[in-house]
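Residue numbers (the working numbering): 3 to 404.
Yeah, the Cβ is synthetic: ideal placement off N, Cα and C, and Gly gets one too.
No experiment lies behind these values; they were computed from the predicted model shown.
Everything on this sheet refers to the single structure shown next.
This is the structure:
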């Protein structure tokens with residue numbers, strides 16, 4: 003296992019100001035109890051001290067919820083101050099904030115810009131699609147409020163991407179969503195599958211249908227490949243290219259081992275994945291336990307091994323090296339050897355795109371080689387804000403120039 007890992011911190015646990023119809027994390031009140039749950043300064047301080055003490059190329063922390071901005075700006079100012087206090091000279095720190103965007107204002111914007119936070123903002127498409135699920139407690143749609151928050155990020159020059167959850171509400175409109183995001187000026191896209199099961203292992207009505215997931219991805223890929231490879235970053239597509247080129251799964255779903263990050267809950271409890279914040283998978287508590295001990299725990303090893311307990315059909319699948327059996331949480335029931343509910347969709351997608359992915363990978367490999375040659379000759383690097391010559395589609399400053 004790679005001993006580098008990131009933290010996914012839930013400082014306000016499941017607490018949120020929205021009541022999205024498909025939210026799986028609101029149910030964590032069954033685990034932690036009712037009420038407004040907030041990480042206190044002691045837990046925050048211990049967590050930062052122990053994490054900053056680790057020597058990794060980048061100390062990466064994602065702040066999520068629920069809705070993490072409910073903690074208020076002073077909490078995050080304290081978090082950044084503790085990072086600086088406990089970091090070694092020259093230590094690289096990366097903070098990311100996943101938010102619904104509804105509470106952002108210019109004070110937030112200035113802070114996020116100053117401290118180089120990468121922000122993910124949740125938007126499911128145009129108002130008629132977004133407002134079907136992402137609603138306030140009184141049932142009002144949140145689309146207008148999300149766009150206001152997005153404008154705060156733009157105004158304050160905060161780097162951000164948009165996370166779109168693909169559900170039954172928007173699964174039939176991939177092209178409309180993709181073009182809508184581009185019209186908004188969003189060039190960094192994440193498309194995440196909505197997959198939730200009832201007690202019998204049957205997909206919930208709001209989940210994306212397997213075939214629709216495949217059609218959705220195929221449609222977006224065709225549009226992206228036609229004219230946007232260098233202009234729009236689609237995280238899944240970028241990650242597939244990285245896997246083909248470098249053999250490295252920078253998206254946990256594409257890996258063969260699920261031990262890539264720790265979830266830290268508001269009270270310091272540690273879990274291996276936010277889809278498995280259940281007491282049977284509780285690994286310990288950051289106040290009492292060391293990361294080295296948590297990584298070596300039998301429960302953590304068992305959790306990681308679940309990923310490669312595959313259905314027999316996976317062994318002969320030509321796409322296994324990329325799909326890796328899909329995320330275990332998408333395998334119905336409690337038996338990880340069940341096929342992913344999205345298997346048909348993934349096969350449709352890879353069958354439709356794999357040859358073009360290979361062509362792109364070959365082109366990027368050649369461009370990387372040329373970039374290496376230019377560096378060896380002492381030629382100056384390209385401008386920081388131009389597309390990276392390696393062909394990733396990202397800006398040079400966020401890629402090879404990082």
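- Beta-carbon to beta-carbon, residue 169 and residue 210 are separated by about 6 Å, close enough to satisfy the 8 Å threshold.
- When the beta-carbon positions are compared, residue 68 and residue 18 come within less than 9 Å of each other.
- The DSSP-derived three-state label of residue 233 is coil.
- Under the three-state reduction of DSSP, residue 366 is assigned to helix.
- In this structure, residue 335 lies away from residue 312, with their beta-carbon atoms at least 9 Å apart.
- Within the same chain, no Cβ atom closer than 7 Å to the Cβ of residue 37 is found once the five residues on either side in sequence are excluded.
- The Cβ atoms of residue 172 and residue 192 do not sit closer than 9 Å to each other.
- DSSP, read as helix, strand or coil, puts residue 376 in helix.
- Excluding the 5 residues flanking it on each side, residue 287 has same chain C-beta neighbours closer than 8 Å at 269, 270, 271, 272, in chain order.
- Taking C-beta atoms as the reference points, residue 100 and residue 51 fail to come closer than 9 Å.
- One thing to note: residue 154 has its Cβ within 9 Å of the Cβ of residue 103.
- For residue 195, the enclosing beta strand (DSSP E) has its first and last residue at 190-195.
- Look at residue 288 here: in three-state DSSP terms it is coil, with no helix or strand label.
- Residue 8 is a Cβ neighbour of residue 262, given a cutoff of 9 Å.
- Your pair residue 276 and residue 265 checks out as a contact, with CB atoms roughly 5 Å apart and the cut at 8 Å.
- Going by beta carbons, residue 293 and residue 274 fall outside the 9 Å limit.
- A Cβ-Cβ distance of about 17 Å is found for the pair residue 256 and residue 366, leaving them out of contact under the 8 Å criterion.
- In this structure, residue 49 lies near residue 11, with their beta-carbon atoms less than 9 Å apart.
- A direct Cα-Cα distance of roughly 29 Å separates residue 147 from residue 221.
- Residue 206 holds the alpha-carbon nearest to the alpha-carbon of residue 26 among 206, 282, 84.
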